[in-house]
Amino acid sequence: MRMTKSVMAGLALAALLVALAGALALTRLNSRGDLVIGAKNFTESRVLMEIMAQLLESDAKLTVDRRELGSTTLCYEGLATGTLSLYPEYSGTLLTDIFKQPPLSNPEEAIKKVKERLKAEGKLRALKPFGLNDTYVLAMKSEKAKELGVAKISDLKHHPELKAGFTSEFNQRQDGFPGLARHYGLEMKDAPVDLAPGHMYAAVDGGQVDIISAFSTDARIRKFNLQTLEDDRQFFPVYQALPLIRKDVAAEFPRVVEVLSSLAGEIDDETMMKLNHRVDVEGVPVKEVARQFIEQFKKENAAEPK
14 MRMTKSVMAG LALAALLVAL AGALALTRLN SRGDLVIGAK NFTESRVLME IMAQLLESDA
74 KLTVDRRELG STTLCYEGLA TGTLSLYPEY SGTLLTDIFK QPPLSNPEEA IKKVKERLKA
134 EGKLRALKPF GLNDTYVLAM KSEKAKELGV AKISDLKHHP ELKAGFTSEF NQRQDGFPGL
194 ARHYGLEMKD APVDLAPGHM YAAVDGGQVD IISAFSTDAR IRKFNLQTLE DDRQFFPVYQ
254 ALPLIRKDVA AEFPRVVEVL SSLAGEIDDE TMMKLNHRVD VEGVPVKEVA RQFIEQFKKE
314 NAAEPK
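For what it's worth, the numbering used here labels the leading residue of the sequence shown as 14, then goes sequentially.
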């Protein structure tokens, strides 16, 4: 059917109004507060975002908008284009996913490489890490590990009879079991079985397997009373969480850097695991978990001798 000029004009006007509405929405997003802090779509990222937001609101007296963008790519692009002011990121993710560099297991070297790349690109800045390293770990039931005297991954060389169950991805990746076995010289009597991520914890809890792969701050480690084994030969890449911020935002609001630097080293693996546990297992809202953490954080810092 051929459109009349009036219909075409009407459609053109409608399209223009939609475009203007989108532009206005984006403007409102960027202008509602002093800062827009982003997060990825998982608990840990949301908690870190909320801790930063509440601390900046209380200590830097800034208005802060929160925005969950989902993936690493969307968050990083949001920062690069100015949709976001800052968000929590990981050193290992920046190196491998963003900069396409080999993973590193040395924390200082990883941070150094990240800062070098960011400096070369010129727009973004990595602040001091929070303290946690959300990387792969091997985990066992605490009672079993204590009974066998297994505290480190290298201890597994003396217990080839132990059964392992990993995700299929961990069983195949070179930064997973194949590389780990070579690095530590592990020879297990039975090849590790493939388990769905949601089944691994039930399997180790029920005794079907003795060892599973996990992430170091996963709330289920605490829930199922597991012990993580020390990566004593530093195989797994480091994924140190840190605030990633636009340089122009840091220059405009210098208090942001000062306030967020007070969190450096204050949120270690155990602390982050507890925060994740409160949200994922106990069902406490993220805002409340962040508020209580900040309250305790300030109390402890106020009590420290100056």
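Positions of the beta carbon are idealized from the N, C-alpha and C atoms, including for glycine.
Within a 10 Å sphere around the beta-carbon of GLY211 sit fewer than 16 other beta-carbons, which makes this residue exposed. Counting every other CB atom within 10 Å of its CB across the protein chains shown gives SER226 a total of 16 or more, marking it as buried. Rounded to the nearest whole angstrom, the C-alpha separation of LEU108 and ASP168 is 30 angstroms. For the set MET213, SER274 and PRO116, the Cα lying nearest the Cα of VAL251 is the one of PRO116.
Annotation: MET201 is outside any beta strand (DSSP E) and is labelled neither H nor E by DSSP. Counting along the chain, GLN185 sits inside the alpha helix (DSSP H) bounded by residues 181-185. For THR86, the number of other beta carbons within 10 angstroms of its own is below 16, and it is reported as exposed.
When the five nearest sequence neighbours on each side are left out, the beta carbons in the same chain lying within less than 8 angstroms of the beta carbon of GLN247 are those of SER118 and ASN119, in order along the chain. Nearest neighbour of VAL163 by Cα position, chosen from GLY95, ALA123, LEU242 and GLY178, turns out to be LEU242. Taking GLY91 as the centre and dropping the five residues before and after it, the same chain places the C-beta of GLY51, LEU82 and LEU97 closer than 7 angstroms to its C-beta, in chain order.
If you look at PRO267, you'll find it isn't in any beta strand (DSSP E); it sits in the alpha helix (DSSP H) that goes 267-274. Look at the beta carbons and you see the region 168-182 touching the region 198-207: at least three pairs across the two are nearer than 8 angstroms.
The C-beta distance from GLY178 to MET153 rounds to 11 angstroms, too long to fall under 8 angstroms, and the pair is not in contact.
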